[in-house]
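Just below is one structure, and these are the notes that go with it.
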Amino acid sequence: MKNFKLYILSGLLFVAACKPEIHTPSLSRGTANFSRFIAVGNSLTAGYSNGGLYLDGQLNSYPSIMAKQMAQVGGGAFNQPLFTSAQANGSGYLTLAGFTKTGSPIIDTVTTDLAIRSEYNAPGFGPVILYTKYTGDIENYGVPGIKLLNITFPQYGNYNGYFERLLPGDGSTTTLNTDYLDFVTAKPFTFFTDWLGNNDALSYATTGGAGDVLTDKTTFAQLYEASLQALTAGGAKGVVATIPDVTSIPYFNTVTVAAINAQVAALGAKLYITALVSGTTYAPRLATNSDLIVLTFPTSMLGTLVSTPYGPLPYGLTPYTPVDNKYVLDANEVALTRDYVQSYNNTIKTQAAARGLAVFDAYTYLNNVQLNGLEIDGISLSSAYITGGLFSLDGVHLTPRGYAIIANEFIKAINTTYSANVPLANVASYQGLKFP
Amino acid sequence: MKKLLLLVFALMPVISFAQGFQVNLEGEKQIGMGHTGTGLVQDGASVFFNPGAVAMLPENYVQGGISPLLFKSTFNPQGTNVQDHTANKIATPFTFYAAWGPKDSFWKLGLGVYTPFGGLTDWGDSWQGKYVLESLNLKAIYIQPTLSIKLADFLSVGGGFVYNRGSVDLTQAIPLTNSAGQDGQAELKGTGKGYGWNAGIYIVTEVGVTVGITHRSEVNTTINNGNAVFTVPSSLQAQFPQPNTFSSSIPLPATTSIGFGFYPNKQWTLAFDANAISWDVYKVLAFNYGSTTAAGLQNTVEQRDYKDAFSLRAGAQYKTNKNLAIRFGGGYATTAVEDGFVSPEAPDANRAFVTGGLGYTFSHHLDLDLSFEYEHVMSRDQTNIQTQLAGTFETNVYIPGISLAYHW
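Chains A and B, in that order, are what the protein sequence lines are. For the first sequence, our numbering begins at 91 and goes up steadily by one. For the second sequence, our numbering begins at 235 and goes up steadily by one.
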């Protein structure tokens, strides 16, 4: 019997080595060359998340995820302007501290180990926060806040601390003279991603149409042309992305008119907003479900008494005390933003097609996610705030898992256009939102 | 007024088991011959293979066997060159049979304890499908008392009652990250029971060919009050109440078989079996929890929609002398799992297998039988409809076996 046991044991040891090997399709870079891949864009490209730029977010930026996959088909080093571990929290960011008894999130701000250098008042602009300088090599050129409108403006570094951080010279004391487009194209590169243009619409929308203006459509087309011209001048190939519908993000879909009306119905009240009539004329009116309330609207203001010529009246609940314009992207503003975004996207798709570039249609993709949700490897994701798993606490930027999904969509577009087989990233290995 | 947010964690552990989980390891002599035996009278394993044939056994039997099973599965996620492998874990399907009757009587009593369904799969906690499944240990142990009656020299019938004791231990990751960056975890662990029957008829034809026809009924196995352990970030624990229980019901399918035995000469025995397995009963898998929450843990119903499966088997035995038997065989089985429903707990596909075996009889009373089976589950490129886990599964199964049978 002893011998038989031994035979069986050694037999098992032998077969333990015989795991099935699946013949996988061979990886390939196709007609693309990833030896120096650069990423051009804004906060989404930089890895901004939870309302801030910080080391953990940078390490999970979609370009860095793509670069890891490209490294398997000849991709080169991919350097990001990382914050140091001592200043890992960068600009500071939002964290979830828990939930109230009624299920509302309690959100804290991280204010330790920041990389903030100083703050100065830019003449004619306002306060600009400056960060610890980064002087190493850069492949990820994502600059939070940048619009397409800004990319040829030589002094842009004086007005954006995230760009100033990458440039030589102190933006608070000297006039900087390097525009973004020149900066990113200074060194030769073979491949690029370009996801500029979001802020040209988003900065207007997130401030309820009150804090910024939409970039003119013709100007957008001219600048887009100039940027693609510069990016492809050295023969580089690349992939561009369209601009998401602003209404596909939780920033505009979490605090809703319907929910507020349901709450104030007990008081016999309804929500009034300051709405766009036409041009720059605004007037108070009853809110409808087509009006979008921003995520940052302090709902605690509702019903607090505001002094008016007619005496003190509850905020947001009478035509004399409507919710401020900056908290509402009303139906007309939504239509206006949509019209501009569609025009921008037509520009992006037309110009990319003319140059044979790959396109990731983020507009269609995120609208589809909002409509149908997204199931990946047993993870149920959606565009919902906090519970959706895709978007971070700021309701605009993504979680690492969300960025991994975006990276894979970019890779799919590259694989299609350049007959490549860049392997996809494992979405399950990137984290969703962190809960305490 | 508080910030107006309605939080609903529509996160349901995606739990599924009882796939193409039929274990065909019910006797070493039969395994050696391609797991045929419906139309033969070999030994006490007839209690499983054909209770109708038990009365035809020339002797009484007490026997036990074990078939350590190594299930080696590989997954290649779509669009990558990654290969995820299951860990080396050895499942231990076993058999125990007794068949007894007075010498030369027309009846025999039988008892079988065997494991017709089971699975042991461990993909680990870092693979691409961890939110679908990390590990699963599923066992069904059937206990079957049997009565067999010889109606004539050429005809016997038999039937048995089946009591099933099933157990399950399943773990999967929950996609809720805590502040340390770790996933949530779900573990479902419980035992259940079910009842069924089996019956068979055995015929010796005038030309010497033997024929067996059997039916093993569906055994609907119900697990009540299993332990449901959910580890999630503490701020969400209230949405996943603890302690908690679960209950579920799994129909283990009926199998109808016909088998033939041919005896060209004294040395050779040839056998053919065909089985139809009624997986069609497996439409949905429902899980109910002891306590659920409106915004978190909810009862689940998942579509399964299995189709009936078939297998064809053939085997041969050659007796070199009175004491030594050499056996070989093989077969082919179709999958019960339709396209779109393949999942990692038992990544099912059509399968082919070959077997071999050796038997030796010591001093007329003691049989020692060895068997080996190699099974290849065909590579299958699938996207699961529910989880969207997409990629190619391929599986090899290696099963040595040993049994001892005492007969008198």
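Glycine included, each C-beta is placed from N, C-alpha and C at the ideal position.
Burial state of residue i (16 or more Cβ within 10 Å)
i: M612 (chain B); result: exposed
i: N462 (chain A); result: exposed
i: L558 (chain B); result: exposed
i: W285 (chain A); result: buried
i: S116 (chain A); result: exposed
i: Y436 (chain B); result: buried
i: M267 (chain B); result: buried
i: V303 (chain A); result: exposed
i: L470 (chain B); result: buried
i: L134 (chain A); result: buried
i: Q460 (chain A); result: buried
i: Y594 (chain B); result: exposed
i: Q256 (chain B); result: buried
i: T524 (chain A); result: Correcting the residue identity first, residue 524 (chain A) is Lys in this sequence and not Thr. Under this definition K524 (chain A) is a buried residue.
i: H487 (chain A); result: buried
i: Q521 (chain A); result: buried
i: P292 (chain B); result: exposed
Those residues which DSSP pairs with residue i across a bridge
i: L422 (chain B); result: B:L404 and B:A462
i: S390 (chain A); result: The partner list for S390 (chain A) (beta bridge, DSSP) is empty, contrary to what the question assumes.
i: D356 (chain B); result: B:S369
i: S472 (chain A); result: A:G479
i: K541 (chain B); result: Answer by DSSP bridge pairing: none, since K541 (chain B) is not bridged.
i: S118 (chain A); result: A:N511
i: P404 (chain A); result: A:L395
i: A333 (chain B); result: B:Y295 and B:G344
i: F575 (chain B); result: Per DSSP, none; premise fails for F575 (chain B).
i: T371 (chain A); result: A:S368
i: E536 (chain B); result: B:L519
i: Y221 (chain A); result: A:I206
i: P485 (chain B); result: B:N454
i: G564 (chain B); result: B:A548 and B:V588
i: H449 (chain B); result: B:A433 and B:T490
i: E609 (chain B); result: B:F587 and B:V631
i: H319 (chain B); result: B:T308
i: V391 (chain B); result: B:I383 and B:I435
Within chain B, partners of residue i - CB distance below 7 Å
i: L117 (chain A); result: N315
i: I469 (chain A); result: Y365 and P409
i: G479 (chain A); result: P409
beta-carbon residue i near the ligand ADP non-hydrogen atom, thresh 8 Å
i: T440 (chain A); result: With respect to small molecules bound, the structure shown includes none, and the ligand ADP cannot be examined in it.
Closer than 9 Å at the beta carbon, the chain A residues around residue i
i: L274 (chain B); result: The premise fails here: L274 (chain B) is roughly 25 Å from chain A at the closest Cβ pair, so nothing lies under 9 Å.
i: T629 (chain B); result: P110
Interface residues of chain B facing residue i [CB-CB closer than 8 Å]
i: T378 (chain A); result: The premise fails here: T378 (chain A) is roughly 17 Å from chain B at the closest Cβ pair, so nothing lies under 8 Å.
i: N516 (chain A); result: P311, T314, V316 and Q362
i: E465 (chain A); result: Q620, T621 and Q622
i: P513 (chain A); result: G313, T314, N315 and V316
Chain-ordered neighbours of residue i on chain B, where CB pairs are closer than 9 Å
i: T114 (chain A); result: N310, T314, N315, V316, Q317 and T626
i: E254 (chain A); result: Going along chain B, no residue has its Cβ under 9 Å from E254 (chain A), so there is no contact; the nearest lies around 32 Å.
i: I495 (chain A); result: What I495 (chain A) touches in chain B: nothing, since even the nearest Cβ is about 12 Å away.
Closer than 8 Å at the beta carbon, the chain A residues around residue i
i: T411 (chain B); result: Q521, G522, L523, K524 and F525
i: S597 (chain B); result: Within chain A, no residue comes near S597 (chain B); the closest Cβ sits about 16 Å away, beyond 8 Å.
i: T527 (chain B); result: Result: empty, since nearest Cβ-Cβ is about 11 Å, beyond 8 Å.
8 Å contact criterion, which residue i and residue j should meet: CB distance rounded
i: V316 (chain B); j: L623 (chain B); result: 13 Å between Cβ atoms; not a contact.
i: G400 (chain B); j: A374 (chain B); result: 5 Å
i: Y410 (chain A); j: Y417 (chain A); result: In fact, because the Cβ distance is near 17 Å, the residues do not count as touching under 8 Å.
i: A510 (chain B); j: S451 (chain B); result: No, A510 (chain B) and S451 (chain B) are not in contact; Cβ-Cβ is about 13 Å, not under 8 Å.
i: L392 (chain A); j: I350 (chain A); result: 7 Å
i: Q473 (chain B); j: A529 (chain B); result: 6 Å
Interface residues of chain A facing residue i [CB-CB closer than 7 Å]
i: S468 (chain B); result: P526
Chain A contacts from the segment 357 to 371 of chain B (Cβ-Cβ distance under 9 Å)
S360, W361, Q362, G363, K364, Y365, V366 and L367
Residues in the segment 287 to 306 of chain B with C-beta within 7 Å of chain A's C-beta atoms, listed in sequence order?
P302, L304 and K306
Contacting positions in the segment 445 to 473 of chain B - beta carbon closer than 7 Å to chain A:
P467, S468, S469 and L470
Could you name the residues of the segment 602 to 618 of chain B whose beta carbon sits closer than 7 Å to any beta carbon of chain A, in the order they occur along the chain?
S613
Which of the residues in the segment 187 to 212 of chain A, read from start to end, lie with their CB under 7 Å from any CB of chain B?
Listed by position, the residues of the segment 187 to 212 of chain A near chain B (Cβ gap below 7 Å) are G188, F189, T190, T192, G193, S194 and P195.
Please list, in chain order, the residues of the segment 408 to 434 of chain B that have any C-beta partner in chain A closer than 7 Å.
P409, L410, T411, N412, S413 and G415
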